[in-house]
Structures are given as C-alpha cells and as structure tokens.
Amino acid sequence: MTGHHKIAVLGVAKRFGETAGTSVNALSMIDLSIADGEFVSILGPSGCGKSSLLNIIAGFEESSTGRIEVDGKPISGPAPNRGVVFQEYALFPWLTVAGNIGFGPQSRGMRASKVNRIVSRYVELVSLTGFEQKYPHELSGGMRQRCALARCMANDPDIMLMDEPLAALDALTRVALQDELLRIWGEASRVRKKTVVYVTHSIDEAIFLSDRIVVMTPRPGRIQGEFVVPFPRPRLPEIRIHQDFHGLSDKIWLMLQAEAGRKSC
Amino acid sequence: MPWPTESAEKPLLGPELSVAGTTRSGRSGRSGRWIYYLVLPVVLLVIWWFCTDVLALFPSALLPSPIRVAKAFGHVIADGELMLNIEDSLLRIFYADLAALIIAVPIGLAMGLYQSIERLLDGLLSLFRPIPPLAWVPLAILWFGIGTLSIVFITFLSAFFSILVSTVAGVRSLDKLHIRAALSLGASRRRVLTHVVLPTTLPSIFTGLRIAIGVSWMSIVGAELIAASSGLGYMINYYQQVLRTDVVIVGMITIGVIGLGMDLLSRWVERRLLPWRQGARLP
Ligand SMILES: Nc1ncnc2c1ncn2[C@@H]1O[C@H](COP(=O)(O)OP(=O)(O)OP(=O)(O)O)[C@@H](O)[C@H]1O
Ligand SMILES: [Mg+2]
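Chain order of the listed sequences is A and B. For any residue, its number in this note's numbering is found by taking its place in the first sequence, counting from 1, and adding 3. Anchor point for the second sequence: position 132 equals 123 in this note's numbering, and the numbering is continuous, going up by one each time.
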C-alpha cells in the first residue's frame, strides 16, 4: 500500500503489567494504515484492545513495541492535530457548553473574539443553540455527546479519534446521532476532509458510518480482517434497511462468530 | 404494586433533613421552615429566664438572667468594647487563614500531583497534625510573646492542616480523562494545571477553607484566653476573673453567632463561585 497515509500503525503491541503471571497482552503486532480523509471503524468485542489502540494513537499511552506515524512522522504524546471524543464524554464540568467548546481554541492562544465566533459556529452545528451557558450536568446524554463532539471539532483537528462515543446512549438517540455525526463530519470537512478513527462494538454502526471496517479479536488483540463499505456518501438513513447492508453485516458477524467459537473450544 | 413515579416520589430524608436548594413538592413549607430553626432557641431562652428570674435557682454570679445578659450586651456595644474585640479576633482569623490558604494550597497541589513530594512531606506532616493547636501556646508565647503574632501563629496551624488535607483529597479526585482531553485539545502543562487541576480541586479547597474557618474560630478563642490582651477569648476570660458572668455569656453568644455567620457566608460564596457543583446534591 503506497499513497498518502494519514496515520500509520507500525507493528504496535501493548502489554500491561511487567510480571509474567499477571501481564495482559492487550495488543499484538497491529499494522494499519489509514488514508487522509478516511473514516475507519475499529470493530470488535469487549476487551479486544480497541481502546488501547486508540489511546496509543492519541498519544495517551505508549506502545510496548512499534510506533505510530502521523503524516509520516512518529508521534510523541497527545497533540491538537489528533482530537479525541471519549465514550464518557469527559466534558469539563466546571465549564459551560460554550466554555467547553472554546477550550481548545483558547488553549492554542486565539483571541477572545475569534474564539467566540468559533464557539457560536459549532454550537449551531451540533444544535445546542440556547444551551451555551448551561453546565454539562444540565444537559441530556445526547446533548453532552454533541457538546463533546463540538469541543473536539472546534479545535479543527486533522484527525478525530472517537472511542465508542455513542455507546452510552439509548438506541433511538444513537441512530439519530449517527446521522448527525455524518452531517457534522461533512460540514467540518468542507475545507479539508477530516480523518476519523471510530471505535465501536456495533456492527451496524460501523457499516453506516465508515469507509472501511477493521475487525479486531481478543486474546491477544489483533486485526482479524477488513471490510470496505461500498455505500456512497452522503449516507441516507434508509440504507440501514438495504439488503446489501444486511449482507455485509452478516459477513462481519460471521467473522466475529467464527473467532469466538474457535476461542471457546 | 406500581413503581413510584417521579411525581409521587417521597423525599428520601424526610422534611427535616432535606437539602437546601432542592425543589420539593410543596412551596408552602418554604417560609414556615424558619420556625423550626427558632423553636429550640426560644424554648431554651424561656427555660433560662424561668429558672433565673422567676425561680431564682442560681446566684447571678453563676448564671445571670437573660435580661441581665441583654443589658450587658447593650453596655459592651455602647462603649465599643465588644466591637473592638470582635475586630481583633476577626483580623487575626483573616491573617491566619489567608496565610494558611496561600501556603497550604500549593503544597497540597504538589503533594497530590507528585508522589515523591508526598512521600517527602507525609511523615513530617502526619507527626505535626495530631498536635492540638493549643499545645503550641507555650512555645508561641516564648517565640512571639503575648499578642497578635502568637494568636495568628496558633490559628494558622489549625487552619493549615484542614486546607492541606482537603487540597490533597481534591487533587486525588482528578479525572484522568479530563487531563487527556485537555492535552489533546492543545493545552500546555501549565494550562492543564490552571484550567483543569485547579478547577477540579477548587471545591475541595473551599471545603477545606470552610472547615479551617470553623476550626480556627475555635482555636483562636482558646488561644486568646491565654496568649492575648484583646479579642473575644481574652474578653470572656477577663470578665470571668472579675466575676461578670453576664459579659462572659455575652462573649460566648457573640462567638457562636459570628461562627454561624461565617459558615453561612462561606456557603453562600461557595454557591456563587462554584455553580457547577449544584448538580451533585442529594435529592
Ligand atoms: N491500564 C490497564 N492495565 C491492565 N490491563 C489493561 C489496562 N487497560 C486495558 N487492559 C486490558 O487490555 C485489554 C484490552 O482492553 P481495552 O480497554 O483496550 O479493550 P476494549 O476493546 O476497548 O474493550 P471495551 O469494548 O470493553 O471498551 C483488556 O483485557 C484489559 O483488561
Ligand atoms: Mg474500550
């Protein structure tokens, strides 16, 4: 694979704990390239190392072996070109919605007037108009997640890393936010397409959102296979009931199932 | 049996224990609630009056009647003596708690953030903490003489540990995800300290300060009994020696009222300063 790779995961392994008896092989030899502007989902059952991989790409944790390259350069630690949306939202409870969304631009030393413009743009984009001065505890789960999304995007990162951002929501809100996520991603990518690494354990969610799905299996966490999602963009909500959608869903399910069966024998 | 719905929900703690500021079924109880606070003090006052003025159970040097105490109140207010002593005590508290805040918060933050610093200081501080503030009085008098400096020193010690312990506990409650979020949003280490660590710790620092004010109010009165020539503690001690029990009681009531006032004030300031904390209340 040549061409322009935005992110390259090169021989990454992660082991937690030093002593032989208690150490966990969370990831073993992950190789993965993600193109500029690509929306890639990492799909797998609980404990297969999805979060570990994402945390390593984000720079929060160091890999035991291997390295991560972004734009051809190895990373060291977190950086604002790699924005993160957390499963637990991780909004700052002491800041209002506006304060949270403006945190990134402010951190990077922007003038107050410019920060305000950015904040109002993203407040509108995630439909939180009227809630700018509310604190996170005054919002619903879906609104909090939209706020977290806006906080990440307001910083205009090239790469967005999302760890099960919709997992804590009910099924209806979840589907609605999937549509919205794509819309927001499209809006934010007008000037320059943003690369997304999206962790999920929902097959349908992965298919609906992504260009490519990387299937991971546990013990030790590794890449089992990849699927390219053939549906064109913009993705309409109706494709969820399309036959091809279910065909792909079944194929992925079978791969996960086969692996689970092999492990339990 | 139907599950209780939100509208039929009973307050968990019963009406007496409900937390201020929460919305509950009836608004009618709002204004009436003050009566609860007044019932026992009034009953006590009547019993006191009955035992002293009516039954004359005690010689007034041991327990003067409330009316004599009220008169004494008038006297010490009129000749300015009470205000002067209140002023002295409050100023000492102010200096002591301000110094404690300025010194304890950075140490507490450093201890919470860096394990090596905590290890370095923990042993020493754990040794000093159990020493009651008043046990420092003899040394304080030797070092600083009788007067404001001694009192401030003793009061400072009592406030220092309250703030320190709370600050360390506050840093412990730091959420790893908040730090990660801030770093990935481009915050420098310095900004993480001022915009993540500090706001997380602020509520605990505030709680520590509130406890400190309470504790230092107690220790200052104790210290002034011995090591001062002014202040409310000095005042009640002086009037005990000249057998003016009524003024002693005036001083005690003043101490209680000011302590209560300071606690209410700091709670009010806390609500103002930390609006995001309102969500974390018991229903
Ligand atoms: N800090 C840690 N210390 C020790 N073991 C860890 C740590 N973090 C993760 N692990 C282990 O690594 C493995 C992978 O964890 P990880 O959180 O990456 O899984 P995941 O795929 O994100 O799961 P989930 O879908 O439940 O979030 C698990 O077996 C877990 O127990
Ligand atoms: Mg995870």
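Just so you know, even glycine gets a beta-carbon here, dropped at the ideal spot from N, CA and C.
Selected residue, minimal CA-CA separation from residue i, among the options
i, options, result
"residue 248 of chain A", "A:208, A:27 and A:225", "A:208"
"residue 81 of chain B", "B:262, B:260, B:253 and B:266", "B:253"
"residue 183 of chain A", "A:79, A:28, A:50 and A:237", "A:237"
"residue 100 of chain A", "A:14, A:143 and A:195", "A:143"
"residue 176 of chain B", "A:188, A:102 and A:110", "A:110"
"residue 48 of chain A", "A:38, A:192 and A:170", "A:170"
"residue 242 of chain B", "B:211, B:184, B:89 and B:64", "B:64"
"residue 258 of chain A", "A:217, A:117 and A:179", "A:217"
"residue 75 of chain A", "A:90, A:97, A:16 and A:37", "A:37"
"residue 173 of chain B", "B:186, B:23, B:26 and B:60", "B:186"
"residue 204 of chain A", "A:51, A:188 and A:225", "A:51"
N- and C-terminal bounds of the alpha helix (DSSP H) containing residue i
i, result
"residue 49 of chain B", "Counting along the chain, residue 49 of chain B falls outside any alpha helix (DSSP H), and DSSP gives it neither H nor E."
"residue 230 of chain B", "223 to 232"
"residue 254 of chain B", "236 to 264"
"residue 215 of chain A", "Run containing residue 215 of chain A: none in the alpha helix (DSSP H); it sits in the beta strand (DSSP E), 215 to 220."
"residue 132 of chain A", "Premise fails: residue 132 of chain A is in no alpha helix (DSSP H) and is neither H nor E."
"residue 167 of chain B", "167 to 175"
"residue 59 of chain A", "53 to 61"
"residue 106 of chain A", "100 to 110"
"residue 185 of chain A", "174 to 191"
"residue 208 of chain B", "189 to 218"
"residue 194 of chain A", "Premise fails: residue 194 of chain A is in no alpha helix (DSSP H) and is neither H nor E."
"residue 106 of chain B", "106 to 119"
"residue 149 of chain A", "144 to 157"
"residue 239 of chain A", "Here residue 239 of chain A belongs to no alpha helix (DSSP H), and DSSP marks it neither H nor E."
"residue 131 of chain B", "128 to 135"
"residue 169 of chain A", "Neither: residue 169 of chain A is in no alpha helix (DSSP H) and is coded neither H nor E."
"residue 65 of chain B", "57 to 69"
"residue 268 of chain B", "Per DSSP, residue 268 of chain B belongs to no alpha helix (DSSP H) and is neither H nor E."
"residue 152 of chain B", "139 to 163"
Per DSSP, cross-strand counterpart(s) of residue i
i, result
"residue 164 of chain A", "A:87 and A:200"
"residue 46 of chain A", "A:203 and A:218"
"residue 77 of chain A", "A:72"
"residue 92 of chain A", "A:89"
For residue i, the first and last residue of its enclosing beta strand (DSSP E)
i, result
"residue 38 of chain A", "27 to 38"
"residue 210 of chain A", "Premise fails: residue 210 of chain A lies in the alpha helix (DSSP H), 206 to 212, not in any beta strand (DSSP E)."
"residue 10 of chain A", "8 to 19"
"residue 227 of chain A", "225 to 231"
"residue 71 of chain A", "68 to 73"
is_contact[residue i, chain A] using C-beta, thresh 8 Å
i, result
"residue 171 of chain B", "yes"
"residue 177 of chain B", "yes"
"residue 201 of chain B", "no"
"residue 100 of chain B", "no"
"residue 262 of chain B", "no"
"residue 182 of chain B", "yes"
"residue 165 of chain B", "no"
"residue 104 of chain B", "no"
"residue 168 of chain B", "yes"
"residue 63 of chain B", "no"
"residue 13 of chain B", "Caution is warranted here: a pLDDT of 45 is assigned to residue 13 of chain B, below 50, making its placement in the model unreliable, and no coordinate value can be reported."
"residue 174 of chain B", "yes"
Any C-beta of chain B under 8 Å from that of residue i
i, result
"residue 87 of chain A", "yes"
"residue 93 of chain A", "yes"
"residue 111 of chain A", "yes"
"residue 188 of chain A", "no"
"residue 250 of chain A", "no"
"residue 119 of chain A", "no"
"residue 79 of chain A", "no"
"residue 105 of chain A", "no"
"residue 138 of chain A", "yes"
"residue 61 of chain A", "yes"
"residue 83 of chain A", "yes"
"residue 97 of chain A", "yes"
"residue 28 of chain A", "no"
With ligand 1 as the reference, list in chain order each residue whose Cβ lies under 5 Å from any of its heavy atoms. A:19, A:27, A:29, A:49, A:50, A:51, A:52, A:53, A:54 and A:55
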